[in-house]
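In what follows, a single structure is set out as structure tokens and then discussed.
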Amino acid sequence: MATTAVTDASFKSDVLESDTPVLVDFWAEWCGPCKMIGPSLEEISDELGDRIKITKMDIMENTDTPSQLGVRGIPYLALYKGGEKVAEMTGAAPKSQLKSWIEEQL
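Heads up, the sequence shown is in the numbering used here, so the first residue is 3 and it goes up one at a time.
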């Protein structure tokens, strides 16, 4: 299950109203660390299958949601369950660390 894009317009329906947990990766094209974790998040999305939906939000194309959430640094990962943010992480990390962090929250 590949990562999917989420926008300001779709954030409520794709993330807050989702029946499954959702990880949102706030990123930008110019962000080196964001590009480093991108492939790892794709692999984790495939490995965890239906247990979690992994999404990406480009903060340059979608400015409202990151601003409302107070995103100050990227990559910024926020995990939502039942419409509530239950965990957050800022900065890049190796795939094993990202996957362990995600699994701890599920």
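Beta carbons are placed, not taken as given, at the ideal position from N, Cα and C, and that holds for glycine.
For Ala80 versus Val26, is the C-beta distance shorter than 9 Å? If you number the sequence shown from 1, residue 80 lands on position 78. If you number the sequence shown from 1, residue 26 lands on position 24. Yes, they are a contact pair.
Collapsed DSSP secondary structure at Asp27 in the structure displayed: Along the sequence shown, one-based indexing puts residue 27 at 25. Three-state DSSP puts Asp27 in a strand.
Cα separation between Asp48 and Ala4? In the sequence shown, counting from the first residue as 1, residue 48 sits at position 46. In the sequence shown, counting from the first residue as 1, residue 4 sits at position 2. Approximately 6 Å between the Cα atoms of the pair.
Just to confirm, is the Cβ distance from Leu108 to Ile46 under 9 Å? Here residue 108 refers to the residue found at position 106 when the sequence shown is read from its first residue. Here residue 46 refers to the residue found at position 44 when the sequence shown is read from its first residue. The answer is no: Cβ separation not under 9 Å.
Would Phe28 pass as a contact of Ile76 if the rule is Cβ separation under 9 Å? Numbered from 1 along the sequence shown, position 26 holds the residue referred to as residue 28. Numbered from 1 along the sequence shown, position 74 holds the residue referred to as residue 76. A contact, by the Cβ cut-off of 9 Å.
C-alpha distance - Lys87 paired with Ala30, whole-angstrom precision: Working through the sequence shown from its first residue, we reach residue 87 at position 85. Working through the sequence shown from its first residue, we reach residue 30 at position 28. When rounded, the distance between both Cα atoms is 21 Å.
List the whole-angstrom C-beta distance separating Tyr1 from Val24, where the pair is believed to meet the contact cut-off of C-beta under 8 Å. Because the chain in this structure spans residues 3 to 108, residue 1 falls outside the shown range and cannot be described.
Short Cβ contact (9 Å threshold) for Asp21 with Asn64: By one-based count along the sequence shown, residue 21 stands at place 19. By one-based count along the sequence shown, residue 64 stands at place 62. Taking 9 Å as the Cβ cut-off, Asp21 and Asn64 do not qualify as a contacting pair.
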